[in-house]
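Report on the following structure.
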Amino acid sequence: MLSNTAKNDRMLLHREFRLLLESTQISVSHGFVQHGNTSCLVHSLAVAWYSLRLARFLHLSVSETELLRGALLHDYFLYDWHLPHGAKFHGFRHPFIALRNAQQCCNLSPKEENIIQRHMFPLVPLPPLCREAILVCIIDKACGLFETFRGEYRRFRWVSAVIAEV
Ligand SMILES: [Fe+2]
Ligand SMILES: [Fe+2]
């Protein structure tokens, strides 16, 4: 049973995702594998959702909109990094590619830029500078590990309804 906060958060995520569907090419990332059987788009939705859940669990005051938008765009690099023509040194370069792509279609706040650019810390030695960016940096690693070793978000099936809009 979902709490009212979780229901509200789900609506918030849905709203921000829908707005980005209209203003960006984020739907394209559903065609690219991130880890295992998970597309880059589902990965980004999972990172957004669980970053906000972690903020709630820790009773942290965060800017929900910036957290969700930054998380949804944190891997907005728009290529398949598994293919030979994907960017060289993907792990190091993709936060900057994602940021540049996102800047071309969105007016990003400094927090949103920080979330995108700093999410690969410590591999990329630029630390996240706000709590929203720290949350996304942590959850991104947890989601990446989960996707690599378990594959499917069984408790995250509601996202298929969201993805159906893509
Ligand atoms: Fe990433
Ligand atoms: Fe990621």
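Each residue of the sequence shown is one higher than the one before, starting from 883 at the first, in my numbering.
We put the beta carbon where it would ideally sit given N, CA and C, even for glycine.
Worksheet item: Going by DSSP, which residues form a beta bridge with Thr920?
Response: His917
Worksheet entry | Distance CB(Asn989)-CB(Leu1011) smaller than 8 Å | no
Fill in: Own chain, CB closer than 8 Å to His956, minus 5 neighbours either side, in chain order
Ser926, Val929, Pro977, Ala980, Ile997, Ile998, His1001, Val1018, Asp1022
Fill in: Nearest neighbour of Glu994, chosen from Tyr1035, Phe1003, Leu949 [CA to CA]
Leu949
Discussion item. Just to confirm my understanding: we take Ile908, look at its own chain, exclude 5 residues before and 5 after, and list those with CB closer than 6 Å. What are they?
Written reply: Leu902
Fill in: C-alpha distance - Ser885 paired with Pro1004, whole-angstrom precision
34 Å
Item to complete: Could you name the residues of the same chain whose beta carbon sits closer than 7 Å to that of Asp962, not counting the 5 residues immediately before and after it, in chain order?
Response: Phe914, Val915, Gly968
Worksheet item: In chain order, what residues of the same chain have a beta carbon less than 7 Å from the beta carbon of Arg1013, not counting five sequence neighbours either side?
Response: Leu942, Val944
Worksheet item: For Tyr958 versus Ser921, is the C-beta distance shorter than 8 Å?
Response: no
Discussion item. Does Arg951 pass the burial test, meaning 16 or more other C-beta atoms within 10 Å, or should it be called exposed?
Written reply: buried
Practice prompt. Measure the alpha-carbon distance for Val1048 versus Trp931 and round it to whole angstroms.
Written response: 18 Å
Worksheet item: Using DSSP with H/G/I as helix, E/B as strand and the rest coil, what is Leu955?
Response: coil
Discussion item. At a threshold of 7 Å, does Pro977 count as lining ligand 1 (C-beta to nearest heavy atom)?
Written reply: yes
Worksheet item: Exposed or buried, what is Thr1030 when buried is set at 16 or more other beta-carbons lying within 10 Å of its beta-carbon?
Response: exposed
Item to complete: Check whether the Cβ of Ile1045 lies closer than 8 Å to any Cβ atom in chain C.
Response: Absent here is chain C; the protein component of the structure consists of one chain.
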